[in-house]
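*Asks:* In this text, residue positions in the sequence shown follow numbering that gives the first Met the number 0: the first is 0, and each later residue adds one. All C-beta atoms in this analysis are idealised placements derived from N, C-alpha and C, irrespective of residue type, glycine included. Submitted below is the structure of interest, expressed as structure tokens.
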Amino acid sequence: MATQTAEPNAVIKNSPEAVVVRFAGDSGDGMQLTGGQFTLSSALAGNDFATFPDFPAEIRAPQGTLFGVSAFQINFGSTEIDTAGDAPDVLVAMNPAALKTNVGALKPGGLIIADTGEFTKRNLEKAKYEVNPLEDGSLSKWQVLAFDISALTMESVKPFGLGNKEALRCKNMWTLGLALWMFDRDRQPLIDWLNGKFKKNPVLAEANIAALNAGHAYGETAEIGGQLHKVHLDPVETPAGLYRTITGAEAVALGLVAGAQLAHLPMFFGGYPITPASSILHYLVGLKEFGVTTFQAEDEIAAIASAIGASYAGQLGVTSSSGPGIALKTEAMGLAVMTELPLVIVNSQRGGPSTGLPTKTEQSDLYQAVYGRNGDTPMPVIAARSPGDAFDCAIEACRIATQYMTPVILLTDGYIANAAEPWKVPDPASYKEFPATFLTERNGPDGTLLPYARDEKGARPWIKPGTPGLTHRIGGIEKNPGTGNLDYSPGAHQAMTDARKAKVDGVAKSIPDQDVCLGNTSGKLAVVGWGSTFGPIHQAVRRARAKGQDVSHIHVRHIWPLPANLGELLKGYDRVLVPEMNTGQFKTVLRDQFLVDAQPLNKVSGQPFTIAEIEAAIATYFDGVPGNAGGTELPADKTQLPTPESGHDDGSLHPDRQSPQSSKA
0 MATQTAEPNA
10 VIKNSPEAVV
20 VRFAGDSGDG
30 MQLTGGQFTL
40 SSALAGNDFA
50 TFPDFPAEIR
60 APQGTLFGVS
70 AFQINFGSTE
80 IDTAGDAPDV
90 LVAMNPAALK
100 TNVGALKPGG
110 LIIADTGEFT
120 KRNLEKAKYE
130 VNPLEDGSLS
140 KWQVLAFDIS
150 ALTMESVKPF
160 GLGNKEALRC
170 KNMWTLGLAL
180 WMFDRDRQPL
190 IDWLNGKFKK
200 NPVLAEANIA
210 ALNAGHAYGE
220 TAEIGGQLHK
230 VHLDPVETPA
240 GLYRTITGAE
250 AVALGLVAGA
260 QLAHLPMFFG
270 GYPITPASSI
280 LHYLVGLKEF
290 GVTTFQAEDE
300 IAAIASAIGA
310 SYAGQLGVTS
320 SSGPGIALKT
330 EAMGLAVMTE
340 LPLVIVNSQR
350 GGPSTGLPTK
360 TEQSDLYQAV
370 YGRNGDTPMP
380 VIAARSPGDA
390 FDCAIEACRI
400 ATQYMTPVIL
410 LTDGYIANAA
420 EPWKVPDPAS
430 YKEFPATFLT
440 ERNGPDGTLL
450 PYARDEKGAR
460 PWIKPGTPGL
470 THRIGGIEKN
480 PGTGNLDYSP
490 GAHQAMTDAR
500 KAKVDGVAKS
510 IPDQDVCLGN
520 TSGKLAVVGW
530 GSTFGPIHQA
540 VRRARAKGQD
550 VSHIHVRHIW
560 PLPANLGELL
570 KGYDRVLVPE
580 MNTGQFKTVL
590 RDQFLVDAQP
600 LNKVSGQPFT
610 IAEIEAAIAT
620 YFDGVPGNAG
630 GTELPADKTQ
640 LPTPESGHDD
650 GSLHPDRQSP
660 QSSKA
């Protein structure tokens, strides 16, 4: 089949700082495995990287259909990498549907590698193509390298006697071999991995290794020309230490175990499978030697109820879920608040409402985390900004839960849970222990027991059931402020509500002051983020500052209570912009708490922000402001921030144009 060429030389130059590659194919083509192993090769090559696995919502969509496409994007290079990349330099499309759903994201002049063996009439029809895009000139603004990967794979594994179906399953290894050649990577670690993976079936191991080598050899010998050549990326300069690749789900699991160890407690995890939170349970199952008990419950309510029971019994109770599962756990969260027991609740956010977008990312559960329970039910909320940061955030959640006798919500999202990055393994000795204590004798006057007496932090004592002489009432009905006896009189409810609020508010005394990630502590514009928006915000602010623009990046980890100095910090800037993957939830919290004119930049497409989207929003402030980029003065009413060009057909990226006053109406 003829190959189209837009330019004689590929968009990728020799020795670039970073390259973005996206592998895309049917959900049965092994794209996640291919991307994962290419990520491993990037780590071993010493590159910094960030990944974005993009799964289809259906467990097994019909083969070759648009809604069955699975993709894996990696941004890797010899410089600091904070995001998975705005647009791919290279798109590997294993079938027409993969091409159609992903080609729009490819950079102009970028390289498409397509498997012509899958561009059959039937597959083109499934992808809603009337004519073959490899032949009609519609891809002329990109470079196209189209050849029959399917046939080449079949030929490479022919000596092993595999059936057609098994042979074609090796296509991803052939493609990976070609990618390893393109980016000057060593095949031996992948060969070792394949031998280990198929230890019980050496024929499959040998077949996959043969496909890997064949793809690599194709790059060496095909003499294709300008579209394809070897590119080398130098290792990134990093501080000395032990590094590993880690996903957000792995980091949460390890952080929870570390937190339990620092609290000197065994850990009980009660969970129910739900995308994208299930991986945390999967990882914890393998950590039993650290005093971890895992329990897969029959539903979400049973999962959190079992964790509360474990906390009552003297262990660190943990549960996790995603948005709709968190909604089901809500009543039990209120029970944990009322009983004042430590509990860690991990919410790996996904698109909603209801079932929503099961495999896509969003930040739309912030209201649910901060406000979403019946009654006045305050609860600390922490948000991780990256896969590696999730480790420290999980430890912090354990600290607050055990020291303040309260449930704590840890927010991640689908992007953080599935994405991977290099992580410097920390020195365990660098973490301060926070051992939990249990009441072992009566604490009231004249030998009485006061199970709801409070320490200097406002926390009540933790009493293990069965401790001699410490029998007490516990449950969801309001208690007497000291004795814990049932008491739902007006005075008791007022006092206990105030005490529970004061305890959570007091958490702010034990958290660091809010810092500025990049820029100055005052100025013209602060871009304030939380959660997984860190990478694109940081890079966009870095680019804007390189242009001389007075913009700073603030990223908030403690969502509730907020850092004590945050209000004064924000008031030092003329404008505050809050990018988030929802319709403006954190913006509302900041307006409510600090009366600052925070302006939102919203995106709810199920995809992370790109750097360009945030950079464009920053530019709308600096374009036309004297002393910034020239032009005329901003109008006196600065409540409107012009809308950046988002490039999304759904128009989901837009600033909210309400003023603080109208938002409170």
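1) How would you write the range of the beta strand (DSSP E) that Ala66 sits in, first residue to last?
2) By alpha-carbon positions, which one of Leu175, Ala331, Lys199 ends up nearest to Ala216?
3) Using DSSP's beta-bridge definition, name the partner residues of Pro406.
4) Let's test the definition: count the other Cβ atoms within 10 Å of the Cβ of Glu219 and tell me whether it reaches 16, buried, or not, exposed.
5) Are Thr405 and Leu448 closer than 9 Å when you measure CB to CB?
6) For the putative contact between Thr237 and Ala42, defined by C-beta atoms under 8 Å, what is the C-beta separation to the nearest angstrom?
7) Count the other C-beta atoms from every protein chain shown that fall within 10 angstroms of the C-beta of Phe66, then say buried if there are 16 or more, exposed otherwise.
8) Return the CA-CA distance between Asn101 and Glu297, expressed in angstroms with no decimal places.
9) In the structure shown, what three-state DSSP assignment does Ala597 receive?
10) With C-beta atoms as the reference, is Val284 less than 9 Å away from Ile558?
11) Out of curiosity, what's the CA-to-CA distance linking Ala543 and Ile399?
12) Can you grab the Cα-Cα spacing for the pair Ile325 / Phe390, in whole Å?
13) Go through its chain and collect everything with a Cβ distance to Gly583's Cβ below 8 Å, but skip five positions before and after it.
14) Going by the DSSP bridge assignment, what does Lys478 pair with across the sheet?
15) Can you tell me the Cα-Cα spacing of Glu249 and Trp422, whole angstroms?
16) Using only CA atoms, which one of Pro52, Gly350, Phe533, Met181 lies nearest to Val515?
17) Quick check: the Cα distance between Val317 and Phe71, rounded to an integer number of angstroms?
18) Taking DSSP's pairing of strands, which residues face Tyr370 in a bridge?
19) Measure the Cβ-Cβ separation of Leu469 and Thr436 and say whether it is below 9 Å.
20) Would DSSP call Ile558 helix, strand or coil?
21) From Gly27 to Ala498, what does the alpha carbon distance come to, in whole angstroms?
22) If you draw a straight line from the alpha carbon of Arg453 to that of Ala525, how long is it in whole angstroms?
23) For the alpha helix (DSSP H) containing Gly34, name the first residue and the last one.
24) Using the rule of at least 16 other Cβ atoms within 10 Å of the residue's Cβ for burial, across every protein chain shown, is Ser531 buried or exposed?
25) Taking the straight line between their C-alpha atoms, what separation do you get for Phe433 and Tyr403?
26) Which value, in whole angstroms, describes the spacing of the CA atoms of Tyr572 and Thr587?
27) On the three-state DSSP scale, how would you describe Thr318?
28) Would you mind stating whether Glu117 and Asn94 have Cβ atoms separated by less than 9 Å?
29) Quick one, which of Leu110, Ile617, Ile613, Val256 has its alpha-carbon nearest His228's?
30) Assuming Val319 contacts Ala257 (C-beta within less than 8 Å), just tell me the rounded distance between them.
31) Out of Phe75, Ala393, Lys99, state which residue places its alpha-carbon closest to the alpha-carbon of Asp88.
32) Taking contact to mean 3 or more Cβ pairs, one atom from each stretch, closer than 8 Å, check whether the region 411-422 and the region 367-381 are in contact.
33) Across the region 171-187 and the region 252-267, are there enough close Cβ pairs to call them in contact, namely three or more that are closer than 8 Å?
34) Using DSSP with H/G/I as helix, E/B as strand and the rest coil, what is Gln493?
35) Is Tyr242 helix, strand or coil by DSSP?
36) Checking the sheet assignment: what are the DSSP bridge partners for Asn74?
*Replies:* Looking at the atomic coordinates:
1) In the sequence shown, the residue the question calls residue 66 occupies position 67. Just to set this straight, residue 66 is Phe in the shown sequence, not Ala. Careful: Phe66 lies outside any beta strand (DSSP E) and carries neither H nor E.
2) By 1-based counting over the sequence shown, the position of residue 216 is 217. Minimum Cα distance to Ala216 is reached at Leu175.
3) As a first step, residue 406 is located in the sequence shown; it is residue number 407 there, counting from the start. Answer by DSSP bridge pairing, in chain order: Leu342.
4) If you number the sequence shown from 1, residue 219 lands on position 220. Exposed: under 16 other Cβ atoms inside 10 Å.
5) As a first step, residue 405 must be located in the sequence shown, where it is residue number 406. As a first step, residue 448 must be located in the sequence shown, where it is residue number 449. The answer is no: Cβ separation not under 9 Å.
6) Residue 237 sits at position 238 when you count from the first residue of the sequence shown. Residue 42 sits at position 43 when you count from the first residue of the sequence shown. The Cβ separation is near 11 Å, so there is no contact.
7) Translated into positions along the sequence shown, residue 66 becomes position 67. Exposed, since its Cβ has fewer than 16 Cβ neighbours within 10 Å.
8) The sequence position of residue 101 within the sequence shown is 102, counting from 1. The sequence position of residue 297 within the sequence shown is 298, counting from 1. Looking at the two C-alpha atoms, the distance is approximately 38 Å.
9) Here the question's residue 597 lines up with position 598 in the sequence shown. Three-state result, Ala597: strand.
10) Mapped onto the sequence shown, residue 284 falls at position 285. Mapped onto the sequence shown, residue 558 falls at position 559. Going by C-beta atoms, Val284 is not nearer than 9 Å to Ile558.
11) Within the sequence shown, numbered from 1, the residue matching residue 543 stands at position 544. Within the sequence shown, numbered from 1, the residue matching residue 399 stands at position 400. Roughly 37 Å between the two C-alpha positions.
12) Taking the sequence shown and counting its residues from 1, the one referred to as residue 325 is at position 326. Taking the sequence shown and counting its residues from 1, the one referred to as residue 390 is at position 391. Approximately 21 Å, taken between the alpha carbons.
13) Locating residue 583 in the sequence shown gives position 584, counting from the first residue. Closer than 8 Å at the Cβ level, and outside the excluded window around Gly583, lie Val577, Pro599, Asn601, Asp655.
14) Numbered from its first residue, the sequence shown carries residue 478 at position 479. In DSSP, Lys478 forms a bridge with Leu485.
15) Along the sequence shown, one-based indexing puts residue 249 at 250. Along the sequence shown, one-based indexing puts residue 422 at 423. If you take the alpha carbons of Glu249 and Trp422, they lie about 11 Å apart.
16) Residue mapping note: residue 515 aligns to position 516 of the sequence shown, counting from 1. The candidate whose alpha carbon is nearest that of Val515 is Phe533.
17) Within the sequence shown, numbered from 1, the residue matching residue 317 stands at position 318. Within the sequence shown, numbered from 1, the residue matching residue 71 stands at position 72. Each residue's alpha carbon lies about 30 Å from the other.
18) The residue given as residue 370 occupies position 371 in the sequence shown. For Tyr370, which the question treats as bridged, DSSP gives no partner whatsoever.
19) In the sequence shown, residue 469 corresponds to position 470, counting from 1. In the sequence shown, residue 436 corresponds to position 437, counting from 1. Result no, Cβ atoms of Leu469 and Thr436 do not sit closer than 9 Å.
20) In the sequence shown, counting from the first residue as 1, residue 558 sits at position 559. In the structure shown, Ile558 sits in a strand (DSSP, three-state: E or B).
21) Numbered from its first residue, the sequence shown carries residue 27 at position 28. Numbered from its first residue, the sequence shown carries residue 498 at position 499. Separation of Gly27 and Ala498 (C-alpha to C-alpha, rounded to the nearest whole angstrom) is 54 Å.
22) Here residue 453 is taken as the residue at index 454 of the sequence shown, counted from 1. Here residue 525 is taken as the residue at index 526 of the sequence shown, counted from 1. Rounded to whole angstroms, Arg453 to Ala525 spans 39 Å at the Cα level.
23) Stepping through the sequence shown from its first residue, residue 34 is reached at position 35. From DSSP, the alpha helix (DSSP H) with Gly34 extends over 30-43.
24) Translated into the one-based positions of the sequence shown, residue 531 becomes position 532. Its Cβ being crowded by 16 or more others within 10 Å, Ser531 is buried.
25) Taking the sequence shown and counting its residues from 1, one reaches residue 433 at position 434. Taking the sequence shown and counting its residues from 1, one reaches residue 403 at position 404. For Phe433 and Tyr403, the distance between alpha carbons rounds to 11 Å.
26) On the sequence shown, residue 572 is found 573 positions in, with the first residue counted as 1. On the sequence shown, residue 587 is found 588 positions in, with the first residue counted as 1. If you take the alpha carbons of Tyr572 and Thr587, they lie about 18 Å apart.
27) Locating residue 318 in the sequence shown gives position 319, counting from the first residue. Looking at Thr318 - three-state DSSP - the assignment turns out to be strand.
28) By one-based count along the sequence shown, residue 117 stands at place 118. By one-based count along the sequence shown, residue 94 stands at place 95. Yes, the pair counts as a contact, with Cβ atoms nearer than the cut-off.
29) Within the sequence shown, the letter at position 229 stands for residue 228. The shortest Cα separation from His228 among Leu110, Ile617, Ile613, Val256 belongs to Leu110.
30) One-based indexing of the sequence shown puts residue 319 at position 320. One-based indexing of the sequence shown puts residue 257 at position 258. In the sequence as displayed, the identity of residue 319 is Ser instead of Val. About 16 Å; that fails the 8 Å criterion.
31) As a working mapping, residue 88 is identified with position 89 in the sequence shown. Nearest of Phe75, Ala393, Lys99 to Asp88, Cα basis: Phe75.
32) No, because fewer than three Cβ pairs between the region 411-422 and the region 367-381 fall closer than 8 Å, the two stretches do not touch.
33) no
34) The sequence position of residue 493 within the sequence shown is 494, counting from 1. Helix, per DSSP.
35) Here the question's residue 242 lines up with position 243 in the sequence shown. It is a strand residue.
36) Here the question's residue 74 lines up with position 75 in the sequence shown. Bridge partners of Asn74: Val19, Ala49.
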